[in-house]
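The structure appears below as structure tokens.
In the working numbering, the protein residues as written are 46 to 176.
Rendered as structure tokens:
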């Protein structure tokens with residue numbers, strides 16, 4: 046099982062990447078053991094994977110957007126897009142990523158998941174140059 050210390054470290058890393066606290070409340074009807082799943086998944090992603098250094102945070106964010114978009118994982122994609130935008134990835138880079146995704150994962154999947162990107166773009170302040 047994941048130690049409380051490792052989980053707190055993961056939550057801290059996630060909050061730094063997102064620019065806000067990561068909240069993972071149990072859903073209505075979810076058993077208490079659902080908290081264990083959230084703890085394991087959060088620690089694996091944000092204490093094991095994200096802190097590695099061979100890829101920059103910027104590049105890791107782009108890879109994470111590409112993977113979640115390709116899988117059609119809408120909720121994780123929203124989070125990965127927020128992380129990307131909070132860590133220097135520009136809107137133009139995201140658009141180019143989706144153009145590339147259309148070539149390799151299919152236009153239908155790219156178009157469908159690009160709609161999530163548009164929602165996250167709308168959350169971002171407007172800046173000059175498409176950033």
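Don't be surprised by glycine CBs; every beta carbon is placed ideally from N, CA and C.
- Here residue 134 carries a coil assignment [DSSP, helix/strand/coil].
- A contact is defined here as three or more CB-CB pairs under 8 Å, and the stretch 103 to 112 meets this definition with respect to the stretch 123 to 131.
- Where residue 161 is concerned, the enclosing alpha helix (DSSP H) starts and stops at 152 to 168.
- A Cβ-Cβ distance of about 6 Å is found for the pair residue 130 and residue 169, placing them in contact under the 8 Å criterion.
- With a cutoff of 8 Å on beta-carbon distance, residue 122 and residue 66 are scored as not near each other.
- Judged by pairs of C-beta atoms under 8 Å, the stretch 53 to 63 touches the stretch 91 to 99, as three or more such pairs exist.
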